[in-house]
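Peer 1: Next up is a structure, given as structure tokens.
Residue numbers (the UniProt record's numbering): 1 to 186.
Laid out in structure tokens, this is it:
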């Protein structure tokens, strides 16, 4: 029992500490500041790693095809090892796509794409790159789940939610008694 209280206290303290602290930006990028403002600390640290890695990228050799600009981004991964990545940029939608597919697989813009956005002097990110699931401001379903300790703390919205759940449960219980009643609800 004692360890559960201690763990809960530590968890609350960790949450409050993170909630009131701001991780400073690693660069002067307006895009990094956008991520800092909306992302959780955990996700922002992952994004920051890409901003730091952008230092090792050189953006060059571009060509224009069908409204898209394609850049070659060379990343230095060691003293003598360089990797090439091709990044496509659409100036109208401000969207980028890199062949490394980091955004598509992990939901994080890669250093190569960030390098191109910087090269293009983009200071406002396209909305598709701000993932709601990593946002500090996301409305989560579990916030409506109450415990016995929450009763005096419930806000009016949560009380209304609980009342609706109770009423819908009663309706479902009643309707499940026969096929006809269930059919009425469908």
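Every residue gets a Cβ at the ideal spot worked out from N, C-alpha and C, and that includes glycine.
Could you name each continuous alpha helix (DSSP H) segment of 4 residues or more that falls completely within the stretch 46-115, going from the start of the chain to the end?
Peer 2: 102-106
Peer 1: According to DSSP, which residues form a beta bridge with residue 178?
Peer 2: Translated into the one-based positions of the chain shown, residue 178 becomes position 178. None, per the DSSP bridge assignment.
Peer 1: Check whether the stretch 33-43 touches the stretch 56-67, taking contact to mean three or more Cβ pairs, one atom from each stretch, closer than 8 Å.
Peer 2: no
Peer 1: Please confirm whether any heavy atom of the ligand SAM lies closer than 6 Å to the CB of residue 108.
Peer 2: Because no ligand of any kind appears in the structure shown, any question about the ligand SAM cannot be addressed here.
Peer 1: Can you tell me the Cα-Cα spacing of residue 105 and residue 116, whole angstroms?
Peer 2: The count along the chain shown starts at 1 and reaches residue 105 at position 105. The count along the chain shown starts at 1 and reaches residue 116 at position 116. Taking the straight line joining both Cα atoms gives about 19 Å.
Peer 1: Give the straight-line distance between the Cα atoms of residue 33 and residue 70, rounded to the nearest whole angstrom.
Peer 2: Counted from its first residue, the chain shown places residue 33 at position 33. Counted from its first residue, the chain shown places residue 70 at position 70. About 26 Å.
Peer 1: Using the C-alpha atoms, what's the distance from residue 21 back to residue 7?
Peer 2: Position 7 of the chain shown, counting from 1, holds the residue named residue 7. Position 21 of the chain shown, counting from 1, holds the residue named residue 21. Approximately 21 Å between the Cα atoms of the pair.
Peer 1: Do you know whose CA, among 172, 132 and 168, lies nearest residue 35's CA?
Peer 2: Walking along the chain shown from the start, residue 35 turns up at place 35. Closest option to residue 35, Cα to Cα, is 132.
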